[in-house]
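Written below as structure tokens is the structure these notes are about.
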Ligand SMILES: [Zn+2]
């Protein structure tokens with residue numbers, strides 16, 4: 001028996017369809033996990049198994065987060081890592097992360113997902129690249145199943161420790177054979193390539209400065225054999241460029257191409273310092289970018305030339321990045337920062353509110369190599385979120401509620417529907433006891449911070 005859900009009388013439904021329709025007084029009719037109809041409330045069925053009256057609400061496609069390290073929610077604002085650039089920041093955090101446990105991965109992933117979902121995100125990738133003390137990617141996947149988030153779990157890795165010229169300490173790196181074996185196991189156990197899939201696996205060595213060229217190449221071969229995507233960090237700041245020049249005698253984009261890391265099934269985080277040749281090559285090959293404006297600002301990495309990338313045809317999505325380098329992982333807030341930062345770098349017309357919102361919906365879907373999320377239209381996955389305009393932060397912005405969503409103080413959702421399931425109703429989770437999760441999370445985080453003192 002199928003179950004139907006109707007969202008009706010919305011102040012506006014932002015569809016992100018081919019004509020970017022915004023429907024005043026709009027409605028969305030969902031059957032099971034798929035959108036069946038989108039239109040004005042008068043034209044759609046008047047009833048369903050569950051009806052949500054969305055008067056005074058803006059309805060948008062669920063936001064897509066393309067880059068995160070959820071375990072880092074345990075290591076926010078660590079004093080030694082508050083004021084450094086990337087390499088210094090990492091060097092201060094690696095020893096703390098060496099104490100992670102499977103319980104910490106599970107609880108921090110739940111916490112990070114709760115934060116994302118409350119901020120409008122319904123699909124997220126997570127890049128877990130450190131596996132001390134028996135930690136596994138399975139711990140994250142379990143959390144996603146529990147809270148009900150659509151999840152692209154990236155099997156990260158580090159194999160080149162300090163003794164071999166890499167950045168991480170030797171005790172947090174793995175050997176390459178077991179990395180590949182575990183990646184293979186995860187793909188075979190969890191990867192779902194079907195439409196509307198709730199879980200996919202991504203092959204994701206951490207960065208060119210923490211794994212070998214061999215692992216980059218073998219990862220690409222494995223990913224293509226199984227039809228899964230590839231993800232890593234690239235061209236994040238000037239030191240990253242210098243490392244690439246010195247170690248490989250190539251720019252990061254050349255190195256990526258040399259390792260087989262370009263194509264519509266690949267996306268790279270940051271690319272703040274990607275050169276013009278790199279931008280055009282990414283556009284030609286359909287290689288995606290996860291833009292993380294807050295993290296780039298916090299670590300003073302620079303301003304990624306997103307306007308130029310989008311104009312060139314590079315697929316761009318938005319990512320909050322890990323909570324140790326963007327201590328406020330609010331997805332709608334990240335959309336706002338993306339818009340503002342392009343303006344700081346390239347002028348007031350460099351990005352509009354609607355363009356920023358498009359990056360976080362259609363853009364993110366494309367970067368994750370999906371065509372079933374990012375827009376509200378028949379046949380798409382039923383992932384949508386509702387924001388209540390009747391809040392002080394939106395006062396005075398009702399004449400353009402879509403722009404208000406991005407320009408005004410980032411709000412939390414009133415409702416989040418993921419794969420047709422109401423995961424947040426009236427601002428409350430239906431799937432997890434958030435108070436309990438946070439209590440456990442804060443205890444674990446304090447124990448990590450105290451051990452580091
Ligand atoms: Zn990152």
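In the numbering used here, the protein residues as written are 1 to 453.
Backbone N, C-alpha and C fix where the C-beta goes; we use that ideal spot for every residue, glycine too.
Pairwise C-alpha distance: residue 346 and residue 286: Straight-line Cα distance between these residues: approximately 24 Å.
8 Å CB neighbourhood of residue 95 in its chain, flanking five on each side removed: Only 169 and 452 meet the Cβ criterion.
Beta-bridge partners of residue 5, as assigned by DSSP: Paired residues: 30 and 50.
Uninterrupted alpha helix (DSSP H) stretches inside the segment 276-359 (no shorter than 4 residues): Fully contained in the segment 276-359 are the following alpha helix (DSSP H) runs of length 4 or more, in chain order: 276-285, 293-298, 306-312, 331-346 and 353-358.
Integer Cβ distance of residue 362 from residue 375, believed to fall under 8 Å: That pair is a contact at about 6 Å.
Outcome for residue 81 when other beta-carbon atoms lying within 10 angstroms are tallied against a minimum of 16: Flag for residue 81 reads buried.
Neighbourhood of residue 14 by C-beta distance below 6 Å, restricted to the same chain and skipping five residues each side: Closer than 6 Å at the Cβ level, and outside the excluded window around residue 14, lie 22, 60 and 402.
Residue environment, residue 315, which counts as buried when at least 16 other CB atoms sit within 10 Å: The residue is buried, with at least 16 neighbouring Cβ atoms inside 10 Å.
Residues bridged to residue 188 (per DSSP): According to DSSP, residue 188 bridges with nothing at all.
Selected residue, minimal CA-CA separation from residue 34, among 384, 446, 450 and 224: Check the Cα spacing between residue 34 and each of 384, 446, 450 and 224: the tightest is with 384.
Unbroken alpha helix (DSSP H) run spanning residue 65, endpoints: Per DSSP, residue 65 belongs to no alpha helix (DSSP H); it is in the beta strand (DSSP E), 63-65.
Per DSSP, the bridge partner or partners of residue 388: Answer is 57.
Three or more C-beta pairs below 8 Å linking the segment 385-400 and the segment 287-296: The answer is no - the segment 287-296 does not touch the segment 385-400, with fewer than three Cβ pairs under 8 Å.
Neighbourhood of residue 342 by C-beta, 6 Å cutoff - its chain only, sequence neighbours within 5 removed: Within the same chain, Cβ atoms closer than 6 Å to the Cβ of residue 342 are found at 306, 307, 350 and 351, the five residues on either side in sequence being excluded.
Sequence ranges, alpha helix (DSSP H) only - wholly within the segment 102-153, length at least 4: Correct list: 102-118 and 137-147.
Residue 71 and residue 116 closer than 8 Å at C-beta: Residue 116 sits away from residue 71, with the two beta carbons spaced by 8 Å or more.
Given 8 Å, three or more beta-carbon pairs between the segment 428-435 and the segment 109-126: Result yes; three or more Cβ-Cβ pairs closer than 8 Å.
Supposed contact pair residue 359 and residue 457 - C-beta distance, whole angstroms, cut 8 Å: This structure cannot speak to residue 457, because the chain is shown only from 1 to 453.
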